[in-house]
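Student:
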Amino acid sequence: MLLLPCADGFRNRRVFGIPTSSRMVRTRVSCGRAICVRKGRLYTEDEARALDWCARFQIDESAFRHSREKLSVEFGQPASCSDTVWRLMNEALQRVSSWHERKMIYFQMARFLWEEKRDSLELRREAVRMELTDWKEKADMGLLDLKRVRLRVITAREASCADCRALDGRLFTFDEARSAMPVPVASCTNEKVEGRTRGWCRCEYGLSFD
Ligand SMILES: [Zn+2]
Ligand SMILES: [Zn+2]
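Position one of the sequence shown corresponds to residue 9 (this note's numbering), numbered consecutively onward.
The following block contains the structure:
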């Protein structure tokens, strides 16, 4: 049990500390409201999650707060932590210049939605499209022959769900992959728990030259 100084009238109230990872300690005060500890400070669960997401984008707390204030003015009402992170991710997307970086940001955006139990399939597909565009650009530069190369599906093998496993090693032409979008697998059930519309497919493409 921890004794933590805390704002909002919880000062010196006994709270229960449950370490869930090296970076995070979740506590629950007696009223049932969850608070989280980051770098020795207390945050609401929403704030803590938002700051964890910001850290992945090298955005610090003051930049997050500044962005939240700006968005609140724009909305004419307090912007949520989630909306602020979403705006920051969209801004990050505008800043990057390579297809690979865009792929990574779309991937993170999809994961963000997925965590919130919202449908993330379109953003997962967008991440794949960025990779396909990257290969297309390399082909236009004469670095890759898309007529000959095949896209091989790489799965998590035994750890995959049945639908993903069925695709393991399957080869697609570039055009097939682009039009049918077999990856990510829309029917994937990995990590699909109650309340989630979809699982989190971990399949990806590798280039096959034989
Ligand atoms: Zn799956
Ligand atoms: Zn999959």
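We put the CB at the ideal spot given by N, CA and C, even for glycine. Only a predicted model underlies this, so the values are computations on that prediction, with no experimental measurement involved.
Any heavy atom of ligand 2 inside 7 Å of the beta-carbon of C211?
Tutor: yes
Student: Is D127 near ligand 4, with its Cβ less than 7 Å from a heavy atom?
Tutor: Annotation note on ligand 4: not contained in the displayed structure, which lists ligand 1 and ligand 2 as its ligands.
Student: Roughly how far, in whole angstroms, is the beta-carbon of D176 from the beta-carbon of R165, given that I think they are within contact range, below 8 Å?
Tutor: 7 Å
Student: Where does S75 sit, in a helix, a strand or coil, going by DSSP?
Tutor: Note: S75 maps to helix in three-state DSSP.
Student: Are the segment 176-187 and the segment 200-210 touching, with three or more C-beta to C-beta distances below 8 Å?
Tutor: no
Student: Less than 7 Å between C-beta atoms, sequence neighbours within five positions excluded: which residues of the same chain meet that for A118?
Tutor: S128, L131, R132, A135
Student: Below 8 Å CB to CB, which residues in the same chain sit around A188 once its five sequence neighbours on both sides are set aside?
Tutor: Cβ-Cβ distances below 8 Å link A188 to F180 in the same chain, with the five nearest sequence neighbours on each side left out; the list follows chain order.
Student: Could you check which residue in S88, F72, E184, T92 has the C-alpha nearest to that of V161?
Tutor: The option with the nearest alpha carbon to V161 is E184.
Student: Per DSSP, what kind of secondary structure is E199 in: helix, strand or coil?
Tutor: Here E199 sits in coil by DSSP.
Student: Just checking S195 against ligand 2 - is the residue's beta carbon closer than 7 Å to any of the ligand's heavy atoms?
Tutor: Not one heavy atom of ligand 2 falls within 7 Å of the beta-carbon of S195.
Student: Judging by CA-CA distance, which residue of E145, R76, Q116 is the nearest neighbour of D91?
Tutor: R76
Student: Beta carbon of D171: closer than 7 Å to some heavy atom of ligand 1?
Tutor: yes
Student: On the criterion of 16 or more Cβ atoms from any shown chain inside 10 Å, does V191 qualify as buried, or is it exposed?
Tutor: buried
Student: Return yes when the Cβ of W107 is within less than 8 Å of the Cβ of T163, no when it is not.
Tutor: no
Student: Between which two residues does the beta strand (DSSP E) holding C89 run?
Tutor: Premise fails: C89 lies in the alpha helix (DSSP H), 89-103, not in any beta strand (DSSP E).
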